Each structure stands twice: as C-alpha cells, then as structure tokens.
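Residue numbers (this note's numbering): 32 to 86.
Notes to accompany the following structure.
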C-alpha cells in the first residue's frame with residue numbers, strides 16, 4: 032500500500048511490513064521502537080524493529 036504520508040526521517044526497506052510505504056523506502060509511522068534479541072548486541076543484525084507488523 033502506498034501510504035499518503037510517510038516519515039522521511041525513518042528509512043525502511045522491509046517491504047513485508049504493513050508500515051512500509053510501497054512507493055518509497057520509508058516508514059509510515061511517526062516513530063518506531065528499536066530493540067534487541069541479544070543480551071549484549073555487537074552487530075547491527077542483533078537489533079530489531081519492534082514496530083514491525085506483518086502485511
């Protein structure tokens with residue numbers, strides 16, 4: 032879905048997320064929550080967008 036407004040401060044390439052703007056690589060949310068699934072994250076793969084919602 033191409034959201035009519037999207038947040039140019041939050042770039043996103045996860046097309047499987049319901050908050051992703053399909054017409055541009057941005058998120059449609061005003062803000063997101065970023066978290067981790069590791070006790071001591073050391074690389075970017077250890078972080079997660081907690082605002083992700085499957086399409």
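Note that the Cβ used here is the ideal one computed from N, Cα and C, for glycine as well.
Predicted, not measured: the structure shown is a model, and the values here were computed from it.
Reduced DSSP secondary structure (H/G/I, E/B, other) of residue i
i, result
"residue 77", "helix"
"residue 58", "strand"
"residue 84", "coil"
"residue 63", "coil"
"residue 52", "coil"
"residue 87", "This structure leaves residue 87 out entirely; the chain is present only between 32 and 86."
Span separating the alpha-carbon of residue i from that of residue j
i, j, result
"residue 43", "residue 62", "12 Å"
"residue 50", "residue 40", "14 Å"
"residue 73", "residue 54", "33 Å"
"residue 69", "residue 81", "14 Å"
"residue 71", "residue 65", "15 Å"
The ligand PLP heavy atom lying under 7 Å from the CB of residue i
i, result
"residue 78", "Ligands displayed in this structure: none; no statement on the ligand PLP is therefore possible."
Counted within 10 angstroms of its Cβ, other Cβ atoms place residue i as buried (16 or more) or exposed
i, result
"residue 77", "exposed"
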